[in-house]
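S.K.: In this text, residue positions in the sequence shown follow this note's numbering: the first is 128, and each later residue adds one.
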Amino acid sequence: MGKSNKCKAKKQSYISVPSQIITSLSSSSLQSLLLSPKKAHLNSSFFVGHNYSCRRPRVCLSALFLFVLVGLLRLGWNVNTLVLCSQSFGSNTGKVGERDHQVLVTSQLQSPRPLHLESEFWKQPDGMGYRPCLEFSAKYRKASEAILNGRRKYLLVVVSGGMNQQRNQIVDAVVIARILGAALVVPVLQVNIIWGDESEFSDIFDLGHFKKVLADDVRILSSLPSTHVMTRPVEEKRTPLHVSPQWIRSRYLKRINKEGVLLLRGLDSRLSKDLPPDLQKLRCKVAFQALRFAPPILELGNKLARRMQSKGPYFALHLRIEKDVWVRTGCLPGLSKEYDEIVHNERRRHPEFLTAKSNLSYHERKLAGLCPLNAFEVTRLLKALGAPRSARIYWAGGQPLGGKEALSPLTREFPHFYNKEGLALPGELEPFANKASFMAAIDYIVSEKSDVFMASHGGNMGHAIQGQRAYAGHKKYITPNKRHMLPYFVNSSLPEAEFSRIIKELHQESLGQPELRSSKAGRDVTKYPVPECMCKRNKTT
Numbered sequence: 128m129g130k131s132n133k134c135k136a137k138k139q140s141y142i143s144v145p146s147q148i149i150t151s152l153s154s155s156s157l158q159s160l161l162l163s164p165k166k167a168h169l170n171s172s173f174f175v176g177h178n179y180s181c182r183r184p185r186v187c188l189s190a191l192f193l194f195v196l197v198g199l200l201r202l203g204w205n206v207n208t209l210v211l212c213s214q215s216f217g218s219n220t221g222k223v224g225e226r227d228h229q230v231l232v233t234s235q236l237q238s239p240r241p242l243h244l245e246s247e248f249w250k251q252p253d254g255m256g257y258r259p260c261l262e263f264s265a266k267y268r269k270a271s272e273a274i275l276n277g278r279r280k281y282l283l284v285v286v287s288g289g290m291n292q293q294r295n296q297i298v299d300a301v302v303i304a305r306i307l308g309a310a311l312v313v314p315v316l317q318v319n320i321i322w323g324d325e326s327e328f329s330d331i332f333d334l335g336h337f338k339k340v341l342a343d344d345v346r347i348l349s350s351l352p353s354t355h356v357m358t359r360p361v362e363e364k365r366t367p368l369h370v371s372p373q374w375i376r377s378r379y380l381k382r383i384n385k386e387g388v389l390l391l392r393g394l395d396s397r398l399s400k401d402l403p404p405d406l407q408k409l410r411c412k413v414a415f416q417a418l419r420f421a422p423p424i425l426e427l428g429n430k431l432a433r434r435m436q437s438k439g440p441y442f443a444l445h446l447r448i449e450k451d452v453w454v455r456t457g458c459l460p461g462l463s464k465e466y467d468e469i470v471h472n473e474r475r476r477h478p479e480f481l482t483a484k485s486n487l488s489y490h491e492r493k494l495a496g497l498c499p500l501n502a503f504e505v506t507r508l509l510k511a512l513g514a515p516r517s518a519r520i521y522w523a524g525g526q527p528l529g530g531k532e533a534l535s536p537l538t539r540e541f542p543h544f545y546n547k548e549g550l551a552l553p554g555e556l557e558p559f560a561n562k563a564s565f566m567a568a569i570d571y572i573v574s575e576k577s578d579v580f581m582a583s584h585g586g587n588m589g590h591a592i593q594g595q596r597a598y599a600g601h602k603k604y605i606t607p608n609k610r611h612m613l614p615y616f617v618n619s620s621l622p623e624a625e626f627s628r629i630i631k632e633l634h635q636e637s638l639g640q641p642e643l644r645s646s647k648a649g650r651d652v653t654k655y656p657v658p659e660c661m662c663k664r665n666k667t668t
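#1: For residue 243, which residues from the same chain have a beta carbon less than 6 Å from its beta carbon, with the 5 sequence-adjacent residues on both sides left out?
#2: Give the secondary structure of residue 290 by DSSP, where H, G and I count as helix, E and B as strand, and everything else as coil.
#3: Under 6 Å Cβ to Cβ from residue 419, same chain only, skipping five residues before and after it: list those, please.
#4: Run through the DSSP bridge pairs and tell me what residue 579 is partnered with.
#5: When you compare only the Cα positions, how much space is there between residue 380 and residue 505?
#6: Less than 7 Å between the beta carbons of residue 664 and residue 258, yes or no?
#7: Assuming residue 357 contacts residue 573 (C-beta within less than 8 Å), just tell me the rounded distance between them.
#8: Considering only DSSP beta bridges, list what residue 390 is partnered with.
#9: How should residue 456 be labelled, buried or exposed, when 16 other C-beta atoms within 10 angstroms of its C-beta is the threshold for buried?
#10: Expressed to the nearest angstrom, what Euclidean distance is found between the alpha-carbon atoms of residue 629 and residue 511?
#11: Spatial neighbours of residue 239 within its chain, please: C-beta separation below 6 Å, excluding the five flanking residues on both sides.
#12: Residue 446 and residue 551 look like a contact to me (Cβ under 8 Å); what is the Cβ gap, rounded to whole Å?
#13: Give me the Cα-Cα distance between residue 529 and residue 410, rounded to the nearest whole angstrom.
#14: Which of the three DSSP states, helix, strand or coil, is assigned to residue 536?
#15: Quick check: what's the CA-CA separation for residue 634 versus residue 585?
#16: Please report the residue range of the beta strand (DSSP E) in which residue 519 lies.
#17: If I'm right that residue 588 touches residue 291 with Cβ under 8 Å, what's the distance once you round it to whole angstroms?
#18: Residue 649 and residue 604 - do their beta-carbons sit closer together than 7 Å?
#19: In chain order, what are the residue ranges of uninterrupted alpha helix (DSSP H) at least 4 long that sit wholly in the region 595–657?
#20: Under 7 Å, do residue 672 and residue 328 count as touching if we go by C-beta distance?
#21: Can you grab the Cα-Cα spacing for the pair residue 350 / residue 313, in whole Å?
#22: Where do the N-terminal and C-terminal ends of the beta strand (DSSP E) with residue 311 fall, by residue?
#23: For a quick check, are the C-beta atoms of residue 558 and residue 502 less than 7 Å apart?
#24: Whole angstroms are fine: how far does the CA of residue 538 sit from the CA of residue 578?
#25: Under the assumption that residue 286 contacts residue 394 (Cβ atoms under 8 Å), give the Cβ distance between them as a whole number of angstroms.
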């Protein structure tokens, strides 16, 4: 963001003087400070000479500054140095001011920390010294030369679903191309039947960056070369779930060697989560380094994140309470019979939308932890975990079923409640209107940069951000222990203090601490990057 001409010249520092200081001074005292007698004697060693005149305004202002500063320090006030050339936020809750601005930067001159930083809620987990560690084996690097020089095999991929689901499939597409020793043509994003988003890869992701980061691993092409444009690709529509590299080679290698072009569709969860170490590292490299959002999305997402950061730490909440979520999970929003009936009717019209275990009743799903938390449950959970009422919350997600009524438990308890529409200035979101993938990407950026993050119900975005925050140093990520905590939610005889103690105890190990992927089979390395993609390094190395 450009600075004004005045700002380019010099940054100025100001001290805010509390009203108690001003009101404690009599009018005569103020007069004596502002208009000193012509021959007032000062015994201070800071001045040279016997007489001091206020004919020099700068000297007078310096004396006033020192007097006020000493008073502030004696009273224990925190003094902030404010960097000017910024335009302030508006006063409306959830809405930024009418003009764009630079973030207000404050630096403490005294040792006491603000109360919000002392809160246990903002405390980050112990990362145990894990850092990103993507060192490929000599065998992998040796094989790269032949793969990158190859000009006979090309992989076409069509990815489907929402933006975060597409990310997962792009990661696996790169790995499959490496397994086959083929060049990868930039994946085609299938038009989403729910949102009708027709965005292409380069609309959402930085294509140049994607190619550059993966230049030593897989050839990435924008299109098929002219020698293969007329080639009819071998198409595979139904790849089984969780296949191994050996299965891929035995199934596809002979065919792609013969025809030159292979087309794959629907890669969601098709590739095994348990791969050799080098391929796991490649997965991390794609997910955490290569898949960067396109510059316009990144710029706006970072801008909104800075607005949230301007007044201290903030909490990001992926709130999964849209109508389609209730329909797909087989759960109910808990608002009223009217909204329950809306969900039931939609489910009857579209039984194919139901992805949860159809043999379970709603209450059985709920107690099994298979349902999203509603706003009331999220509020109780956050309060029990020590979230202060002053916490600033960014909520990501679509329009909730029930509108403001569905959000009211949260907004009553946490009034500083924002989303992208509330943070954006007029016109900032217009280029992304009716583009669900763009909006999801902005939510992803602001959520990933938060001090604390929680998803009310798993999902692709929650999993992706969990891995991203782990890779960034294990930033705090709350995983609601729904199956174990919900019985306490319905126990009305439990005192609130005891409820909070139990909830904190249930979540002691669910706050984003390092967790070994290998401790449980089938875990995705892009969600649990330790130990394949993160290791403990000595400070000297």
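Just so it is clear, CB atoms sit at the ideal spot from N, CA and C, and this is done for glycine as well.
Predicted, not measured: the structure shown is a model, and the values here were computed from it.
M.R.: Short version:
#1: Position 116 of the sequence shown, counted from the first residue, corresponds to residue 243. A caution first: residue 243 carries a pLDDT of 46, below 50, which makes its placement in the model unreliable, though a value can still be read off. Here the set comprises 439.
#2: If you number the sequence shown from 1, residue 290 lands on position 163. In the structure shown, residue 290 sits in a helix (DSSP, three-state: H, G or I).
#3: To locate residue 419, count along the sequence shown from 1; it is residue 292. So the list reads 333 and 336, once near-sequence residues are dropped.
#4: The residue labelled residue 579 in the question sits at position 452 within the sequence shown. 442 and 603, per the DSSP bridge assignment.
#5: By 1-based counting over the sequence shown, the position of residue 380 is 253. By 1-based counting over the sequence shown, the position of residue 505 is 378. Approximately 49 Å between the Cα atoms of the pair.
#6: Walking along the sequence shown from the start, residue 664 turns up at place 537. Walking along the sequence shown from the start, residue 258 turns up at place 131. Result yes, Cβ atoms of residue 664 and residue 258 sit closer than 7 Å.
#7: Position 230 of the sequence shown holds residue 357. Position 446 of the sequence shown holds residue 573. Rounded, the Cβ-Cβ distance is 45 Å, inconsistent with contact.
#8: Counting from 1 along the sequence shown, the entry for residue 390 is found at position 263. Per DSSP, 283 and 362.
#9: Position 329 of the sequence shown holds residue 456. Label assigned to residue 456: buried.
#10: Your numbering for residue 629 matches position 502 in the sequence shown. Your numbering for residue 511 matches position 384 in the sequence shown. Distance between the alpha carbons of residue 629 and residue 511: 9 Å.
#11: Locating residue 239 in the sequence shown gives position 112, counting from the first residue. With a pLDDT of only 39 at residue 239, under the threshold of 50, the placement of this residue in the model should not be trusted, and no figure is reported.
#12: Position 319 of the sequence shown, counting from 1, holds the residue named residue 446. Position 424 of the sequence shown, counting from 1, holds the residue named residue 551. With a Cβ gap of about 18 Å, residue 446 and residue 551 do not count as contacting.
#13: The residue given as residue 529 occupies position 402 in the sequence shown. The residue given as residue 410 occupies position 283 in the sequence shown. When rounded, the distance between both Cα atoms is 39 Å.
#14: Here the question's residue 536 lines up with position 409 in the sequence shown. The DSSP-derived three-state label of residue 536 is helix.
#15: The residue labelled residue 634 in the question sits at position 507 within the sequence shown. The residue labelled residue 585 in the question sits at position 458 within the sequence shown. Approximately 16 Å between the Cα atoms of the pair.
#16: As a first step, residue 519 must be located in the sequence shown, where it is residue number 392. Here the beta strand (DSSP E) through residue 519 covers 519–523.
#17: What you label residue 588 is simply residue 461 of the sequence shown in a count that begins at 1. What you label residue 291 is simply residue 164 of the sequence shown in a count that begins at 1. Yes, they are in contact, since the Cβ atoms of residue 588 and residue 291 sit about 4 Å apart, within 8 Å.
#18: To locate residue 604, count along the sequence shown from 1; it is residue 477. To locate residue 649, count along the sequence shown from 1; it is residue 522. Not a contact, by the Cβ cut-off of 7 Å.
#19: Unbroken alpha helix (DSSP H) runs of no fewer than 4 residues, entirely contained in the region 595–657, are found at 609–616 and 623–633, following chain order.
#20: Because the chain is modelled from 128 through 668, residue 672 falls outside the range shown and cannot be assessed.
#21: For this step, residue 350 is matched to residue 223 along the sequence shown. For this step, residue 313 is matched to residue 186 along the sequence shown. Using only the alpha carbons, I get a separation of about 7 Å.
#22: Within the sequence shown, residue 311 is the residue found at index 184, counting from 1. Per DSSP, residue 311 belongs to the beta strand (DSSP E) from 310–312.
#23: Locating residue 558 in the sequence shown gives position 431, where the first residue counts as 1. Locating residue 502 in the sequence shown gives position 375, where the first residue counts as 1. When the beta-carbon positions are compared, residue 558 and residue 502 stay at least 7 Å from each other.
#24: For the purposes of this step, residue 578 is taken as residue 451 along the sequence shown, with counting starting at 1. For the purposes of this step, residue 538 is taken as residue 411 along the sequence shown, with counting starting at 1. For residue 578 and residue 538, the distance between alpha carbons rounds to 20 Å.
#25: For the purposes of this step, residue 286 is taken as residue 159 along the sequence shown, with counting starting at 1. For the purposes of this step, residue 394 is taken as residue 267 along the sequence shown, with counting starting at 1. 6 Å between Cβ atoms; contact.
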